[in-house]
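Participant: After the structure tokens below, expect a handful of questions from me.
Numbering (this note's numbering), first residue to last: 4 to 297.
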């Protein structure tokens, strides 16, 4: 296992296209992909010739906000993705070399800043893409089966047990790029609201993922909160302090804005109640007041 691998990306470098200017707020999409992305190598029977297999690379993000997925399709996939309904949400998929190439190009310009699970998924998809691009004929079919099945096995291991080939260093980007990246994470894996504490409700701001480095980056960025490793393998980050939460809400509603409509609504509700009832107080919020306002 090689440690601290890096893609070599730097938001401060000149883009490959001299006419292109890197936009720090586009790191939002890298964060959203890190939170919601599934990378796959699809294997299907090919009956010409009989006994052969067809492989297709696929990258899919899943979310309940269809309007947000439509925006991601336009910005990241240049309109080439397909949105389809699934139970309680929608999938946005880019399948096949041409569509996946567009997504990989975007993630080369705006890389996933940190996260060994997410970055290994992308690396494996790039490996599969490059192999399929170079070997198009049927003469090396058995070798193709071995390589593709090996990649599929590694992708499955990341999903099931979090096993990775490489550990990645954090991309050398600005603080603002990190802020937008974390907004994308929160739209995918964030949770905000109030929970019962005796006879009152306590505010909380949380995120939970298997990708430990992303959760640790969030804690480091916000300089508050606690991280715990749950029995199910998830790393859970949470802030409960009302004064701190007022600042965090403002940050992710204005400077690094959430774009998922329901997530913004939840965070705005938390902000409104904190501003109304905790301005010079650390008292917990009365649940009756919370019910009245939502």
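All residues carry an ideal CB built from backbone N, CA and C; glycine is no exception.
Report all residues from its chain with a CB closer than 7 Å to the CB of residue 95; omit the five preceding and five following residues, and keep chain order.
Facilitator: These residues qualify, in order along the chain: 63, 64, 72, 75, 76, 84, 86.
Participant: With respect to the alpha helix (DSSP H) encompassing residue 222, which residues constitute its N-terminal and C-terminal limits?
Facilitator: Run containing residue 222: 215 to 225, per the alpha helix (DSSP H) assignment.
Participant: What separation, rounded to the nearest whole angstrom, lies between the Cα atoms of residue 205 and residue 243?
Facilitator: Going from the Cα of residue 205 to the Cα of residue 243 covers about 7 Å.
Participant: Compute the distance between the beta-carbons of residue 46 and residue 155, then report whether it is under 9 Å.
Facilitator: Contact: yes.
Participant: Hey, residue 267 and residue 260: beta-carbon distance below 9 Å or not?
Facilitator: Cβ distance < 9 Å, so residue 267 and residue 260 count as in contact.
Participant: For residue 164, is the classification buried or exposed, using 16 other Cβ atoms within 10 angstroms of its Cβ as the cut-off for buried?
Facilitator: Exposed is the call here.
Participant: Taking a contact to mean a Cβ-Cβ separation below 9 Å, would you say residue 37 touches residue 196 in this structure?
Facilitator: Not in contact: residue 37 and residue 196 (Cβ atoms no closer than 9 Å).
Participant: Please name the residue, chosen from 273, 199, 227, that lies closest to residue 249 on a Cα-to-Cα basis.
Facilitator: Among 273, 199, 227, the Cα nearest to that of residue 249 is on 273.
Participant: Of all the options 258, 29, 42, 234, which has the alpha carbon lying nearest to the alpha carbon of residue 130?
Facilitator: Nearest C-alpha to residue 130: 42.
Participant: Quick one: what's got a C-beta closer than 6 Å to residue 97's C-beta in the same chain, skipping five residues either side?
Facilitator: Counting only Cβ-Cβ distances below 6 Å, and skipping sequence neighbours, we find 62, 80, 84, 103, 106.
Participant: For a test of the three-state rule: what should DSSP assign to residue 61, helix, strand or coil?
Facilitator: The answer is strand: DSSP assigns residue 61 an E or B state.
Participant: Residue ranges of each beta strand (DSSP E) run of no fewer than 3 residues wholly in the stretch 141 to 188, ordered along the chain?
Facilitator: Complete beta strand (DSSP E) runs here, min 3: 169 to 171.
Participant: Helix, strand or coil for residue 191, going by three-state DSSP, please let me know.
Facilitator: Of the three classes helix, strand and coil, the one that applies to residue 191 here is helix, per DSSP.
Participant: Roughly how many whole angstroms lie between the Cα atoms of residue 128 and residue 232?
Facilitator: Straight-line Cα distance between these residues: approximately 28 Å.
Participant: Provide the residue span of the alpha helix (DSSP H) that contains residue 134, from first to last.
Facilitator: Run containing residue 134: 119 to 137, per the alpha helix (DSSP H) assignment.
Participant: Quick one: Cα of residue 40 to Cα of residue 117, how far?
Facilitator: C-alpha separation (whole angstroms): 14 Å.
Participant: Could you give the DSSP three-state label for residue 331: helix, strand or coil?
Facilitator: Since the first and last residues shown for the chain are 4 and 297, residue 331 lies out of range.
Participant: If you follow the beta strand (DSSP E) that residue 238 is part of, which residue opens it and which one closes it?
Facilitator: Unbroken beta strand (DSSP E) run through residue 238: 238 to 242.
Participant: How far does the alpha helix (DSSP H) with residue 233 in it extend, from its first residue to its last?
Facilitator: Segment: none, residue 233 is in no alpha helix (DSSP H) and carries neither H nor E.
Participant: So what does residue 87 bridge to, in DSSP terms?
Facilitator: Answer is 94, bridged to residue 87.
Participant: Can you give the Cα-Cα distance for residue 167 and residue 226, rounded to whole angstroms?
Facilitator: Near 28 Å, if we compare the C-alpha coordinates of residue 226 and residue 167.
Participant: Would you call the CB atoms of residue 34 and residue 237 closer than 9 Å?
Facilitator: Not a contact, by the Cβ cut-off of 9 Å.
Participant: Could you have a look at residue 33 and say whether DSSP puts it in helix, strand or coil?
Facilitator: In this structure, residue 33 counts as helix in the three-state DSSP scheme.
Participant: At what residues does the alpha helix (DSSP H) containing residue 109 begin and finish?
Facilitator: 100 to 112 is the span of the alpha helix (DSSP H), which, as asked, contains residue 109.
Participant: Please report the straight-line C-alpha distance between residue 90 and residue 30, rounded to a whole angstrom.
Facilitator: So the two alpha carbons sit approximately 28 Å from each other.
Participant: In whole angstroms, what separates the C-alpha of residue 101 from that of residue 108?
Facilitator: About 11 Å.
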